[in-house]
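**Student:** Would you mind keeping the following structure in view while I ask a few things?
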Amino acid sequence: MNEIKEKMKVELSDDMKVIDDLTSSEYKWGFITDIESETAAKGLNENVIRMISSKKNEPEWMTEWRLKAYRYWLKMEEPKWPNVHYPQIDFQDISYYSAPKQKPKLNSLDEVDPELLKTFEKLGIPLEEQKILSGVAVDAVFDSVSVATTFKETLKEKGIIFCSISEAIQEHPELVKKYLGSVVPYTDNFYAALNSAVFSDGSFIYIPKGVRCPMELSTYFRINSQETGQFERTLIIADDDSYVSYLEGCTAPIRDNNQLHAAVVELIALENAEIKYSTVQNWYPGDKEGKGGIYNFVTKRGACRGNNSKISWTQVETGSAITWKYPSCILQGDNSVGEFYSVAVTNNYQQADTGTKMIHIGKNTRSTIISKGISAGRSNNSYRGLVRIGKNAVGARNFTQCDSMLMGDKCGAHTFPYIEVENDTAKVEHEATTSKVGEDQIFYLNQRGISTEDAVNMIVNGFCKEVFNELPMEFAVEAQKLLAISLEGSVG
Amino acid sequence: MLVIKNLKANVEGKEILKGINLEVKAGEIHAIMGPNGSGKSTLANVLTGNENYEVTDGEVLFDGKNLLEMDPETRAREGMFLAFQYPIEIPGVSNATFLKTALNEIRKYKGLEEITPKEFLALIKEKASLLGMDDAMISRYVNVGFSGGEKKRNEILQMLMLEPKFVLLDETDSGLDIDALKIVANGVNIYKNPNTAFLVVTHYQRLLNYIVPDFVHVLYKGRIIKSGTKELALELEDKGYDWLIKEEEMEKV
Ligand SMILES: Nc1ncnc2c1ncn2[C@@H]1O[C@H](COP(=O)(O)OP(=O)(O)OP(=O)(O)O)[C@@H](O)[C@H]1O
Ligand SMILES: [Mg+2]
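As they're listed, the protein sequences go chains X and D.
Remember, the numbering used here sits 583 above the position in the first sequence when you count from 1.
Remember, the numbering used here sits 23 above the position in the second sequence when you count from 1.
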């Protein structure tokens, strides 16, 4: 039975691929008209911020908001508490504005880094898509504009707004004004303040009352905004009785010349609304010696404002040299539900400090945390989670399960659970395990004809099953392959 | 089919197998008996290539090929199968996924096409029902939460699915109730044919009532000290190992 389901998954994901192919090349063509490589000089000051804001044609209130954030940021210090280590970042040595860059144009896949091609092949990325991802010129054999238009039409009929945040600032200022910074204020932390001052672009979604968004919204479909990686800003609002599922990221390895990434994502779920946010993060992790690689310092937070609302974070994190990320839920509405499902893989010299915060404020609020950390090579993987039950959170419940798997004996896994309970009707459960990929498990699979590499993949995928089950199906299959690639050569 | 010559092996630096000689021909069933700790499971692990067991001397030919040179998965693909004394749990991996992967590896090695999901499902259902296993077991995680008896049945299910040439059963009868024992033995008897051979490790004669051996060997302190026909097992059931051990000690003196 399972097999049949799996087969269906694969077939469905193939269908999705076709759509992805069509729409991701839309970007490419969208770009050609407006590619003028424009990069601001290094350094940050009020003039740079005014320049960013004016380049984007922003209204005065937006410029002011950025400036306030900047002034606040100047007074803040970089956080030192995460369990990660990296050289001091010189914030004056970074360029904070760059118009979409044109990737170097290659004539064929023969000119692409063979290592990258090998990875594409293992991920099963179709040739055409490989070309797009690696910047090889492709012919448009289809009418890409019509695909995007059909897609936009469907959303428009339902009154759903899905656009870049820059566009939303222009077209829907009342929504942006009301919600931007309402979950993650610029005073929140060092990187959130920096992001608020200089954010480049990101997604904006508004789902009106009573609407169930009929398709998964993903960055692939977003029009007019690619190259937003460095200081991405995303805002999603689900109005009363609505539902939306959003997919972020991509399994293909993404390289970027910008080492520092500091994104902010804010989610707002009103009465009876549900937001499902899934991420596959595969930024360049650096080479086998730990050189290069992206620093990914992200603030993601959702507010369950309405009663009976629900926010669910699912993430598969395999990339970045350093990850610092705690997608959180503020459970304000009574009976609201927060979920966090995470797989974080580190290999070679990668460092990850990730986890979540579940802040229970309303009555009968419930939260579930399932975290699977896998460490290989000389990497370090920390889970950091806070569960806070406020005074009025009568009947609140949390269940946390935090499992670590070690591959080899040079890596580390650490767990930092923080539990604060101010209401004694609350129930908080925490389970944690640490295991090694068992030699006996590998031998058992070997004895049935399965190679050690495949055996390790099978065991690791099994370990992550509960999280993969939460991913939309077209992501789940790819996430499995991604895991295999990330852990290649780490055992045996 | 399998020729073992003067096989010696260490575990953690200690010599456990001290020179095993044994020949098993196609179509034969051999039983290995012997007291706890005599090296029966060690022999099974050495034959299947477990890295924790270090071969220090001897030779093993499997259909004329040098078995000891192959890695564990190649031995499996060549048709060597061990029903484990203590089957291993693999959380999150369904029996179906596991067995389909294994079956396809073996088919690939033999130059056959991959089995389709539909064929696979039909096949596993058929084999599971032969062993009185519920369909639900197929989608459950490998051995996770299985009772002792269910784990043993699951080993036999794998044997039926993978169709090995040479089968090692390591105390597959332990932990089975009498009905399950009959079912498992029946599974083996259905599978047995002139091209397969079995090496059955057991402590009890009762299994050998159902899986009737052509030869019985007694392993003691890493050596085969006595070989005989199925009557030897009956004698052991009756008299225990003491008389044999004494005979062996006498011989040494
Ligand atoms: N992995 C291992 N590590 C340490 N010692 C081992 C290991 N495997 C076997 N031994 C030792 O080797 C000897 C033989 O063990 P083995 O498991 O082969 O016996 P057996 O005949 O199968 O016994 P039983 O009837 O109890 O299953 C024992 O002394 C055992 O402790
Ligand atoms: Mg044994």
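All C-beta atoms, glycine included, are put in the ideal place defined by N, C-alpha and C.
Whole-angstrom Cβ separation of F104(D) and P187(D), contact assumed at under 8 Å?
**Tutor:** Translated into the one-based positions of the second sequence, residue 104(D) becomes position 81. Translated into the one-based positions of the second sequence, residue 187(D) becomes position 164. 3 Å between Cβ atoms; contact.
**Student:** Nearest chain C C-beta to E74(D) closer than 9 Å, yes or no?
**Tutor:** No chain C appears in the structure shown, which is made up of the protein chains X and D.
**Student:** DSSP on P910(X), reduced to helix/strand/coil?
**Tutor:** As a position in the first sequence, residue 910(X) is number 327, starting the count at 1. Coil.
**Student:** Let me check you understand the geometry: is the CB of V224(D) closer than 8 Å to at least one non-hydrogen atom of ligand 4?
**Tutor:** Ligand 4 is not part of this structure, which contains only ligand 1 and ligand 2.
**Student:** Helix, strand or coil: which one does DSSP assign to A904(X)?
**Tutor:** Your numbering for residue 904(X) matches position 321 in the first sequence. Note: A904(X) maps to coil in three-state DSSP.
**Student:** What residues from chain D crowd round K1048(X), counting only those whose CB sits closer than 7 Å?
**Tutor:** For the purposes of this step, residue 1048(X) is taken as residue 465 along the first sequence, with counting starting at 1. In chain order: G115.
**Student:** Tell whether a beta-carbon distance below 9 Å holds between E112(D) and Q1030(X).
**Tutor:** Here residue 112(D) is taken as the residue at index 89 of the second sequence, counted from 1. Here residue 1030(X) is taken as the residue at index 447 of the first sequence, counted from 1. No.
**Student:** Are I858(X) and D822(X) close, meaning C-beta to C-beta below 9 Å?
**Tutor:** By 1-based counting over the first sequence, the position of residue 858(X) is 275. By 1-based counting over the first sequence, the position of residue 822(X) is 239. Cβ atoms of I858(X) and D822(X): not closer than 9 Å.
**Student:** Mind checking W278(D): buried by the 16 CB within 10 Å criterion, or exposed?
**Tutor:** Outside the shown range of chain D, which is 24 to 276, sits residue 278(D), and nothing can be said about it.
**Student:** Who are the near neighbours of A935(X) in its chain, counting only those whose CB is closer than 6 Å to its CB and skipping five residues on each side?
**Tutor:** The residue given as residue 935(X) occupies position 352 in the first sequence. Once the five neighbours on either side are set aside, the close Cβ partners of A935(X) are T906, A927, T929, N964.
**Student:** Distance cutoff 9 Å, beta carbons only. Does Q181(D) sit that close to anything in chain X?
**Tutor:** Position 158 of the second sequence, counted from the start, is the residue given in the question as residue 181(D). Cβ-Cβ to chain X under 9 Å: yes for Q181(D).
**Student:** Is M103(D) helix, strand or coil by DSSP?
**Tutor:** Against the second sequence, residue 103(D) aligns to sequence position 80. Strand at M103(D).
**Student:** Under a CB-based cut-off of 9 Å, is Q1105(X) close to chain D?
**Tutor:** Residue 1105(X) cannot be examined here, being either before or after the span of chain X that is shown, 584 to 1075.
**Student:** What residues in its chain sit with their C-beta under 6 Å from that of V794(X), if we drop five residues either side in the sequence?
**Tutor:** Taking the first sequence and counting its residues from 1, the one referred to as residue 794(X) is at position 211. These residues qualify, in order along the chain: K741, S825.
**Student:** Look at the Cβ atom of V970(X), then the Cβ atom of E1005(X), and state whether they are nearer than 9 Å.
**Tutor:** Here residue 970(X) corresponds to residue number 387 of the first sequence, with the count starting at 1. Here residue 1005(X) corresponds to residue number 422 of the first sequence, with the count starting at 1. It is not a contact, given that the beta carbons lie outside the stated cut-off.
**Student:** Taking the DSSP output, what are the residues bridged to H226(D)?
**Tutor:** Reading the second sequence from its first residue, position 203 is the one you call residue 226(D). Bridge partners of H226(D): none, in fact.
**Student:** Are N232(D) and A49(D) touching if we call contact CB-CB under 9 Å?
**Tutor:** If you number the second sequence from 1, residue 232(D) lands on position 209. If you number the second sequence from 1, residue 49(D) lands on position 26. No, these two residues do not count as a Cβ contact at 9 Å.
**Student:** Ends of the beta strand (DSSP E) at S958(X)?
**Tutor:** On the first sequence, residue 958(X) is found 375 positions in, with the first residue counted as 1. 949-958 is the extent of the beta strand (DSSP E) around S958(X).
**Student:** In whole angstroms, what is the alpha-carbon distance linking N874(X) and F814(X)?
**Tutor:** The residue given as residue 874(X) occupies position 291 in the first sequence. The residue given as residue 814(X) occupies position 231 in the first sequence. Per the sequence shown, residue 874(X) should be read as Lys rather than Asn. Rounded to the nearest angstrom, the two C-alpha atoms are 22 Å apart.
**Student:** What are the partner residues of M526(X), as DSSP defines its beta bridges?
**Tutor:** Because residue 526(X) is not part of the residues shown, which for chain X are 584 to 1075, the question remains open.
**Student:** Strictly below 8 Å CB to CB, what residues from chain D border Y1027(X)?
**Tutor:** As a working mapping, residue 1027(X) is identified with position 444 in the first sequence. Here the neighbours are F107, P110, I111, I113.
**Student:** Quick one: which chain X residues come within Cβ less than 8 Å of E173(D)?
**Tutor:** In the second sequence, the residue the question calls residue 173(D) occupies position 150. Simply none; closest approach about 16 Å.
**Student:** If we count the other Cβ atoms within 10 Å of its Cβ and call it buried at 16 or more, is S942(X) buried or exposed?
**Tutor:** Translated into the one-based positions of the first sequence, residue 942(X) becomes position 359. In the sequence under discussion, the amino acid at residue 942(X) is Ile, which differs from the Ser named in the question. It counts as buried.
**Student:** Put A145(D) into one of helix, strand or coil per three-state DSSP.
**Tutor:** Residue mapping note: residue 145(D) aligns to position 122 of the second sequence, counting from 1. Residue state, collapsed to three classes: helix.
**Student:** Could you give the residue range of the alpha helix (DSSP H) that holds A125(D)?
**Tutor:** The count along the second sequence starts at 1 and reaches residue 125(D) at position 102. Note, A125(D): alpha helix (DSSP H), 118-132.
**Student:** Is it the case that the CB of V34(D) approaches a heavy atom of ligand 1 more closely than 8 Å?
**Tutor:** The sequence position of residue 34(D) within the second sequence is 11, counting from 1. V34(D) Cβ: within cutoff of ligand 1.
**Student:** What does the Cβ neighbour count give for H668(X), buried or exposed, with the cut at 16 atoms within 10 Å?
**Tutor:** Walking along the first sequence from the start, residue 668(X) turns up at place 85. Result: exposed.
**Student:** Would you check if the distance between the CB atom of I877(X) and the CB atom of A846(X) is smaller than 9 Å?
**Tutor:** Working through the first sequence from its first residue, we reach residue 877(X) at position 294. Working through the first sequence from its first residue, we reach residue 846(X) at position 263. Taking 9 Å as the Cβ cut-off, I877(X) and A846(X) do not qualify as a contacting pair.
**Student:** By how many angstroms is the C-alpha of K28(D) removed from the C-alpha of D81(D)?
**Tutor:** By 1-based counting over the second sequence, the position of residue 81(D) is 58. By 1-based counting over the second sequence, the position of residue 28(D) is 5. A small correction: the amino acid at residue 81(D) is Gly; Asp does not occupy that position in the sequence shown. So the two alpha carbons sit approximately 5 Å from each other.
**Student:** Grab the span of the alpha helix (DSSP H) containing K48(D) for me, first residue to last.
**Tutor:** As a working mapping, residue 48(D) is identified with position 25 in the second sequence. Neither: K48(D) is in no alpha helix (DSSP H) and is coded neither H nor E.
**Student:** Sorry if obvious, but does the Cβ on I111(D) come closer than 8 Å to a heavy atom of ligand 1?
**Tutor:** Taking the second sequence and counting its residues from 1, one reaches residue 111(D) at position 88. No - ligand 1 has no heavy atom lying nearer than 8 Å to the Cβ of I111(D).
**Student:** Short of 6 Å in beta carbon distance, which residues of its chain neighbour C985(X), apart from the five on each side in sequence? Order them along the chain.
**Tutor:** The residue you call residue 985(X) lines up with position 402 of the first sequence. Cβ within range, chain order: S954, Y966, T998, A1015.
**Student:** Given a cut-off of 9 Å on the beta-carbon distance, is the pair V827(X) and V863(X) in contact?
**Tutor:** The sequence position of residue 827(X) within the first sequence is 244, counting from 1. The sequence position of residue 863(X) within the first sequence is 280, counting from 1. No, they are not a contact pair.
**Student:** To the nearest angstrom, how far is it from the Cα of T948(X) to the Cα of I820(X)?
**Tutor:** The sequence position of residue 948(X) within the first sequence is 365, counting from 1. The sequence position of residue 820(X) within the first sequence is 237, counting from 1. Approximately 20 Å, taken between the alpha carbons.
**Student:** Is I39(D) close to chain X? Criterion is C-beta to C-beta, closer than 9 Å.
**Tutor:** As a first step, residue 39(D) is located in the second sequence; it is residue number 16 there, counting from the start. With 9 Å as the cut-off, I39(D) does not count as an interface residue toward chain X.
**Student:** Keeping to the same chain, check which residues put their C-beta closer than 6 Å to that of A1059(X); ignore five residues upstream and five downstream.
**Tutor:** Position 476 of the first sequence, counted from the first residue, corresponds to residue 1059(X). F1051.
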